[in-house]
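Counting from 18, one number per residue, gives the positions in the sequence shown under the working numbering.
Even for Gly, the Cβ is constructed at its ideal location relative to N, Cα and C.
This one's a predicted model, so the numbers in the text were calculated from it and none came from an experiment.
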Amino acid sequence: MAPPTKATPAPAAAAGLASLPGEILLHIISFLEPHQVTRLQLVSRAFLGLARDNSFWRSRCLQDSAFLEALDRRHRLTQAFASPSAVSDAALVEAVGNGGAPPSPAAIAATNSVSSLGGSRERERVRIMANWDPCFPPERISWYDEYIQRHGPIAVNWLQVPRFGDCTRADYVEARGVALYRPGNPLGEDTDMEELYAVSPLDDGSVCLWDINGTRGKRGAIVAQSRPGILFIDGPGADNNRRSKRIDSGVTECVSVDSRQHRAFFAVQSHLIEVDLQRLAVVDCESFPWSITALSAAGPAVPLTVGTSLGIHMHDYRSRKSSRDDQLETIDEFDRMGAKAFYERSLRNLFSDEPLPPYAPLSQPGPLSILHLQRPGLEADLSDDIYVAGRFSNILHYDRRKFPSIKGSIHSGARLCSLTSLPYPFSALDSELRRKGQLSLEQVKHSKNASGGRTLIACGEYNTKGSLEMYGLLPSSSATYSSLPGGLQNSVFQNRQTASQSKILSVVNHGARLVFSDGSGYLKWFERDGFTEVRRCRIGHSERPQGSSVFAAMPGSDDIARKLLPTRTGTANGKVNDNDLLFWTGEKLGLLTVTARPGFTVEDFEEATADSPRLLEMARQEEEYSAMMRRALERQADDVRFASNLGLGSGRRGR
Numbered sequence: 018m019a020p021p022t023k024a025t026p027a028p029a030a031a032a033g034l035a036s037l038p039g040e041i042l043l044h045i046i047s048f049l050e051p052h053q054v055t056r057l058q059l060v061s062r063a064f065l066g067l068a069r070d071n072s073f074w075r076s077r078c079l080q081d082s083a084f085l086e087a088l089d090r091r092h093r094l095t096q097a098f099a100s101p102s103a104v105s106d107a108a109l110v111e112a113v114g115n116g117g118a119p120p121s122p123a124a125i126a127a128t129n130s131v132s133s134l135g136g137s138r139e140r141e142r143v144r145i146m147a148n149w150d151p152c153f154p155p156e157r158i159s160w161y162d163e164y165i166q167r168h169g170p171i172a173v174n175w176l177q178v179p180r181f182g183d184c185t186r187a188d189y190v191e192a193r194g195v196a197l198y199r200p201g202n203p204l205g206e207d208t209d210m211e212e213l214y215a216v217s218p219l220d221d222g223s224v225c226l227w228d229i230n231g232t233r234g235k236r237g238a239i240v241a242q243s244r245p246g247i248l249f250i251d252g253p254g255a256d257n258n259r260r261s262k263r264i265d266s267g268v269t270e271c272v273s274v275d276s277r278q279h280r281a282f283f284a285v286q287s288h289l290i291e292v293d294l295q296r297l298a299v300v301d302c303e304s305f306p307w308s309i310t311a312l313s314a315a316g317p318a319v320p321l322t323v324g325t326s327l328g329i330h331m332h333d334y335r336s337r338k339s340s341r342d343d344q345l346e347t348i349d350e351f352d353r354m355g356a357k358a359f360y361e362r363s364l365r366n367l368f369s370d371e372p373l374p375p376y377a378p379l380s381q382p383g384p385l386s387i388l389h390l391q392r393p394g395l396e397a398d399l400s401d402d403i404y405v406a407g408r409f410s411n412i413l414h415y416d417r418r419k420f421p422s423i424k425g426s427i428h429s430g431a432r433l434c435s436l437t438s439l440p441y442p443f444s445a446l447d448s449e450l451r452r453k454g455q456l457s458l459e460q461v462k463h464s465k466n467a468s469g470g471r472t473l474i475a476c477g478e479y480n481t482k483g484s485l486e487m488y489g490l491l492p493s494s495s496a497t498y499s500s501l502p503g504g505l506q507n508s509v510f511q512n513r514q515t516a517s518q519s520k521i522l523s524v525v526n527h528g529a530r531l532v533f534s535d536g537s538g539y540l541k542w543f544e545r546d547g548f549t550e551v552r553r554c555r556i557g558h559s560e561r562p563q564g565s566s567v568f569a570a571m572p573g574s575d576d577i578a579r580k581l582l583p584t585r586t587g588t589a590n591g592k593v594n595d596n597d598l599l600f601w602t603g604e605k606l607g608l609l610t611v612t613a614r615p616g617f618t619v620e621d622f623e624e625a626t627a628d629s630p631r632l633l634e635m636a637r638q639e640e641e642y643s644a645m646m647r648r649a650l651e652r653q654a655d656d657v658r659f660a661s662n663l664g665l666g667s668g669r670r671g672r
């Protein structure tokens, strides 16, 4: 009897695979599922590099994209009137959708029916890839990260809730806005683990900082909080019970942070309060003639732009006088004088004989978003262009060098509430043709390399529906919209049908995608064409630290994200899968991550006590009772609807 054949040892088999050329290995890996490819990274460093190949994951992103599904659907709809060329095109699209894997027998038959195809399959694959590819030549995209962000499981985390001292769980303080603070990396450059904090004004007049990356403790925990009352109109210790002396909860863009100067600016009614984030103390205050409704992003290169109900103002905090203000920047001096001295001094300046600084008056009140536009092709370099949107039908354009004169405007017709931008060109015509996969390689290259172009992105509400709008801005040397209104005709895209059934509240860039939040509680990711949806999710309902409601889990009770902030600026390649999404609901802060791990909640930050088991049991009983009552109400509603359908509840008699 022959001895049994010994199996090849696993290390030897792995070594044999590793000796193959990279192109062959990538072709073998292309037959694996994405979760299997990620496990392959653990085998060796060689497989780690192969399993994160940028071209491989770029092809996978296309293979699993909604773009390819729509393209394949359009080709299949034309097969009823198919000519040989149309049949071959459908076969090519199916081959691209298989990601280079062997095509189906129908695709092979269709391809072989045209003898002149030859190498057209690969050329068509490259052309379709170019039509779909959302990135521009200067960008650095990690397609491995992109695939995770597009298809990975989503976890919604809720940051720690601040309290009134050592009070009970019901006594929590609401957050009134949010901005990001990068003390060690103000430009958002590529780093392994940067300090990143969320800064928010609280309803008790204090300033609170949360650790977003977990560099100083638990992720999502509070790391610092000022004393209460420093953001009130009359300062700490005064009677600030009236809402007119507190931060307006209706102002979304009420906080702005300059990470390089370690300064935060808070809009409190008609006052702009400057806080030193290293000491959490007020260092300056400026008053404006009207209530502040929007703040631009703060940065060391340009002044802060302040939007009030009836005007646009410039606030250059870098040129503040240092004679008396520097004396007030010590904690002892501030405690001795109190914050009220700041506010009284700023009010006296309003009624002094000195003329007010120049400002741009508004014919219609209500600016809600102010954007400092980047220079073409440069993510971090700001230009002199300022765009303002709000409760008026036009997007206003100002040049900082000629302020307060208005440079131009773009008609929208919608009530816009959020602005963002891309430093790359946009053409509505080319975007539509690319979405249908109809451009050649040369045409795609020409549309992406248009010099001096930028993209303005806006969102809001139009006729009770969400409006997602994109405007291609021409370079200043060519005919612009201010001199030729028709110059934007082929560069305007307004999605007011398929974007959202409710108002869109905030829009930002997230990797090579756009993401926005709407009034239905959804976060939706779209391609940069503004039309193709990538994915969506609900942020859900965060149980507040108080008794749960019978109606808490019913439809329509989910939280909504009023403001979105990506934790990574631009598309720099840093740590893998570190581009999370911070959001503010109007009361509390949350963090959306793409991970299989369960998200943390508010309860995870509560200290364990001897009464914890009893409290957990009580919470479980309350939840069971609420669920039972909810089911009873739903059954009663079903009975009412059933009786109405029988004509018993209509109140009308048949004739």
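Is the distance from the Cβ of phenylalanine 84 to the Cβ of tryptophan 149 below 7 Å?
yes
How many angstroms separate the CA atom of isoleucine 229 from the CA atom of tyrosine 441?
30 Å
For proline 679, count neighbouring Cβ atoms within 10 angstroms of its own Cβ and tell me buried if that reaches 16, exposed if not.
Because the chain here runs from 18 to 672, residue 679 falls outside it and cannot be looked at.
According to the neighbour-count rule (16 or more other Cβ atoms, all chains shown, within 10 Å of its Cβ), is phenylalanine 7 buried or exposed?
Within the shown structure, residues of the chain are numbered from 18 to 672, placing residue 7 beyond reach of any answer.
Distance, Cα to Cα, valine 323 vs proline 375?
Valine 323 and proline 375: Cα-Cα distance of roughly 12 Å.
Could you tell me which residues DSSP puts in a beta bridge with valine 532?
Val525, Trp542
Can you give the beta carbon distance from phenylalanine 443 to glycine 483, rounded, assuming they're within the 8 Å contact cut?
The pair is not a contact, with the Cβ atoms about 20 Å apart (cut-off 8 Å).
Which one of Lys465, Ser438, Lys424, Thr481 has the shortest CA to CA distance from alanine 475?
Ser438
Can you tell me where the beta strand (DSSP E) with glutamate 291 in it begins and where it stops?
Glutamate 291 -> beta strand (DSSP E) spans 288 to 293.
Between the Cα of alanine 87 and the Cα atoms of Met635, Val173, Thr549, which residue gives the shortest distance?
Thr549
Taking the alpha carbon of serine 9 as the point to measure from, which residue in Ala644, Arg233, Lys235, Ile264 has its own alpha carbon closest?
Lying before the first or after the last residue shown, residue 9 is absent from the chain, which here runs from 18 to 672.
By Cβ distance below 6 Å, which residues in the same chain neighbour proline 393 in space, the five residues on each side in sequence not counted?
Pro440, Gly469, Arg471
Between leucine 42 and the rest of its own chain, which residues show a CB-CB distance below 6 Å, the 5 nearest in sequence each way excluded?
Around leucine 42: Leu67.
Per DSSP, what kind of secondary structure is asparagine 71 in: helix, strand or coil?
helix
Using 10 angstroms around the beta-carbon of serine 457, count the other beta-carbons present and answer buried if the total reaches 16, otherwise exposed.
exposed
What is the rounded straight-line gap between the Cα of alanine 118 and the Cα of leucine 49?
The pLDDT assigned to alanine 118 is 47, lower than 50, so where the model puts this residue is not dependable; a value taken from the coordinates is nonetheless given after this. Cα to Cα, the separation comes out at about 10 Å.
Name the two residues that bound the continuous beta strand (DSSP E) containing threonine 325.
321 to 325
Check this for me: beta carbons of glycine 547 and methionine 487, under 7 Å apart or not?
yes
Between alanine 318 and the rest of its own chain, which residues show a CB-CB distance below 7 Å, the 5 nearest in sequence each way excluded?
Leu399
For methionine 217, does the three-state DSSP call read helix, strand or coil?
This sequence places serine at residue 217; methionine is not what is there. If DSSP states are grouped into helix, strand and coil, serine 217 belongs with the strands.
For the putative contact between lysine 262 and phenylalanine 249, defined by C-beta atoms under 8 Å, what is the C-beta separation to the nearest angstrom?
6 Å
Which residue comes first and which comes last in the beta strand (DSSP E) that contains serine 4?
The question about residue 4 has no answer, for the chain in this structure spans 18 to 672.
Please check the pair valine 195 and leucine 606, which I expect to be a contact at CB under 8 Å, by giving their CB distance rounded to whole angstroms.
6 Å
Let me know if threonine 269 comes out buried or exposed under the rule of 16 or more other beta-carbons within 10 Å of its beta-carbon.
buried
Identify every residue that forms a DSSP beta bridge with isoleucine 427.
Ile412
How long is the line joining the alpha carbons of glycine 489 and serine 36, rounded to whole angstroms?
49 Å
Measuring alpha carbon to alpha carbon, tell me which of Phe510, His527, Leu531, Leu485 ends up nearest serine 517.
Leu485
Hey, would you say isoleucine 3 sits closer than 7 Å to valine 173, going by beta carbons?
With the chain covering only 18 through 672, there is no way to say anything about residue 3.
If the criterion is Cβ atoms closer than 7 Å, does the pair proline 154 and alanine 529 meet it?
no
Would you please state the rounded distance, in angstroms, between the beta carbons of asparagine 526 and proline 583? I believe it to be under 8 Å.
7 Å
Classify glycine 237: buried if its beta carbon has 16 or more other beta carbons within 10 angstroms, exposed otherwise.
When all chains shown are included, glycine 237 counts as buried.
Got a sec? Which residues, its chain only, sit under 7 Å from tyrosine 479 by beta carbon, not counting five neighbours each side?
Result list for tyrosine 479: Gly430, Ala431, Arg513, in chain order.
Using a Cβ-Cβ cut-off of 8 Å (strictly less than) and excluding sequence neighbours within five positions of glycine 383, which residues of its own chain qualify?
Thr310, Ser326, Gly407, Arg408, Phe409
Less than 8 Å between the CB atoms is what I'm expecting for serine 276 and arginine 180, so what's the real figure, rounded?
Not really, about 27 Å apart at Cβ, beyond 8 Å.
Would a C-beta distance cut-off of 7 Å place glutamate 634 and glutamate 191 closer than the cut-off?
no
Considering only their Cβ atoms, is the gap separating serine 273 from alanine 314 smaller than 7 Å?
yes
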